[in-house]
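To start, the structure itself, in structure tokens.
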Amino acid sequence: MSDLSVTIAGVRLPNPVMPASGTYDYSERHDNFFSPAELGAVVNKTIFLNHKPGNKPPRVYEAPCGMLNAIGIPTAGVKDFIENTLPLMRGYGVPVIVSIAGNTSEEFCKLAEIITETGKADMLELNLSCPNLNEGVEWARDKKLLYDIVKLISESTTLPVIAKLSPMVTDIAEMGLIAEEAGASALAVFNTYRGMVIDINTMKPVLGNIAGGLSGPAIHPLAVYSVYSTYKRVSIPIIGMGGIASWKDAVEFILAGATAVAVGMYNFVNPMIMIEVIEGMSRYLHEKGISNIRDIVGKAHR
719 MSDLSVTIAG
729 VRLPNPVMPA
739 SGTYDYSERH
749 DNFFSPAELG
759 AVVNKTIFLN
769 HKPGNKPPRV
779 YEAPCGMLNA
789 IGIPTAGVKD
799 FIENTLPLMR
809 GYGVPVIVSI
819 AGNTSEEFCK
829 LAEIITETGK
839 ADMLELNLSC
849 PNLNEGVEWA
859 RDKKLLYDIV
869 KLISESTTLP
879 VIAKLSPMVT
889 DIAEMGLIAE
899 EAGASALAVF
909 NTYRGMVIDI
919 NTMKPVLGNI
929 AGGLSGPAIH
939 PLAVYSVYST
949 YKRVSIPIIG
959 MGGIASWKDA
969 VEFILAGATA
979 VAVGMYNFVN
989 PMIMIEVIEG
999 MSRYLHEKGI
1009 SNIRDIVGKA
1019 HR
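Note that the sequence shown covers residues 719 to 1020 in this note's numbering.
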């Protein structure tokens, strides 16, 4: 049996598979299929400090090879998260990654401090690149803003910080290096692409927010290349994500340089996809005679 365990910023994951933020609901609906205790880590839907309603509908559109979403990150706020969701996540016995966002640096830091003080999170993921936001700044698209916010939060928490990057930049590898220099312990590469759909009958945008984030198989080759190019520039672990629809897609990310992977859109299509990815990776390693998955991280570069 091959060893699927990996380590990110000193935190051991039993396997390298986790849900992308916002694509997995920790409720009995999913427990009917499998237990999140089988995953490498659990990740929540991004939270803000206070209640946020999200965008007006329609919020989701099925594209030919993926999905456009303009959810707007509705959240009940950190108090509700700590009382209701965080205990569930902690109870699965695998590392807990808490995804947070803020409209100001003060809000971001306050949220990081609150989550740190609970003692129930293993890592923080900074949602710096969500294209759903229609207020504030997209931190991940500006070099100085990215550096300043990652540095500020890294210095305000004892938890490892994962900087989630945006593909909507000229050079994502450079942004990854900036985040590392600012104190990030790992990178999530990457969030969704900005896109839109227009109804030719109404002659209006389909989504209530006009534009949304494109995810799914359409962006997979772009995401793999982003991981590949970023791996060459940084020395911290990368969590690869974007269009994973099978275990083969996940293995591609590992070979490109990702230490772990996050499955997003396809959780809505196949509720067993993450388990299938874990099982497929295990078979792949066994068939190749590879004793542990760490031996193939970045193998495409060698």
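Note that the Cβ used here is the ideal one computed from N, Cα and C, for glycine as well.
Under the DSSP definition of a beta bridge, which residues are partnered with residue i?
| i | result |
| --- | --- |
| residue 932 | 786 and 911 |
| residue 1010 | 721 |
| residue 737 | 981 |
| residue 730 | 725 |
| residue 922 | 917 |
| residue 995 | Paired residue(s): none; residue 995 is not in a bridge. |
Starting from the Cα of residue i, find the closest Cα among the options and give me that residue.
| i | options | result |
| --- | --- | --- |
| residue 737 | 974, 827 and 995 | 995 |
| residue 858 | 820, 800 and 833 | 820 |
| residue 907 | 877, 949, 921 and 867 | 949 |
| residue 845 | 930, 740 and 938 | 740 |
| residue 770 | 786, 791 and 752 | 791 |
| residue 826 | 840, 869 and 981 | 869 |
| residue 863 | 823, 729, 954 and 938 | 823 |
| residue 1001 | 992, 981 and 965 | 965 |
| residue 930 | 960, 901 and 776 | 776 |
| residue 876 | 904, 910, 830 and 867 | 830 |
| residue 893 | 861, 811 and 773 | 861 |
| residue 730 | 841, 786, 1019 and 960 | 841 |
Suppose you measure from the CA of residue i to the CA of residue j; what does that come to, to the nearest Å?
| i | j | result |
| --- | --- | --- |
| residue 1017 | residue 957 | 16 Å |
| residue 890 | residue 754 | 31 Å |
| residue 796 | residue 984 | 27 Å |
| residue 683 | residue 788 | It is not possible to answer for residue 683, since the shown part of the chain is limited to 719 through 1020. |
| residue 749 | residue 989 | 10 Å |
| residue 962 | residue 941 | 10 Å |
| residue 724 | residue 802 | 29 Å |
| residue 685 | residue 865 | The structure shown has nothing for residue 685, since the chain only spans 719 to 1020. |
| residue 977 | residue 912 | 26 Å |
| residue 1012 | residue 925 | 41 Å |
| residue 813 | residue 760 | 6 Å |
| residue 1010 | residue 721 | 4 Å |
| residue 897 | residue 744 | 30 Å |
| residue 917 | residue 923 | 6 Å |
| residue 782 | residue 856 | 27 Å |
| residue 764 | residue 902 | 18 Å |
| residue 927 | residue 735 | 31 Å |
| residue 904 | residue 879 | 7 Å |
Using 10 angstroms around the beta-carbon of residue i, count the other beta-carbons present and answer buried if the total reaches 16, otherwise exposed.
| i | result |
| --- | --- |
| residue 833 | buried |
| residue 919 | exposed |
| residue 987 | exposed |
| residue 758 | buried |
| residue 733 | buried |
| residue 851 | Confidence is the limiting factor: at residue 851 the pLDDT is only 48, short of 50, which leaves the residue's position unreliable, though a coordinate-based value still follows. Answer is buried; the Cβ neighbour count reaches 16. |
| residue 843 | buried |
| residue 1023 | Given a span of 719 to 1020 for the chain in the structure shown, any question on residue 1023 remains unanswerable. |
| residue 971 | buried |
| residue 799 | buried |
| residue 934 | buried |
| residue 982 | buried |
| residue 751 | exposed |
| residue 768 | exposed |
| residue 847 | buried |
Compare the C-beta of residue i against all C-beta atoms of chain B and say whether one is closer than 7 Å.
| i | result |
| --- | --- |
| residue 923 | The structure shown has no chain B; it contains just one protein chain. |
Which runs of the beta strand (DSSP E) fall wholly inside the region 820 to 906 and span at least 3 residues, in chain order? 841 to 845 and 879 to 882
Would you list, in sequence order, the uninterrupted beta strand (DSSP E) runs of no fewer than 3 residues that lie entirely inside the region 924 to 986? 930 to 933, 956 to 959 and 978 to 981
Go through the region 766 to 819 residue by residue and report every complete run of the beta strand (DSSP E) that reaches 3 residues or more, in order. 778 to 781, 784 to 787 and 814 to 818
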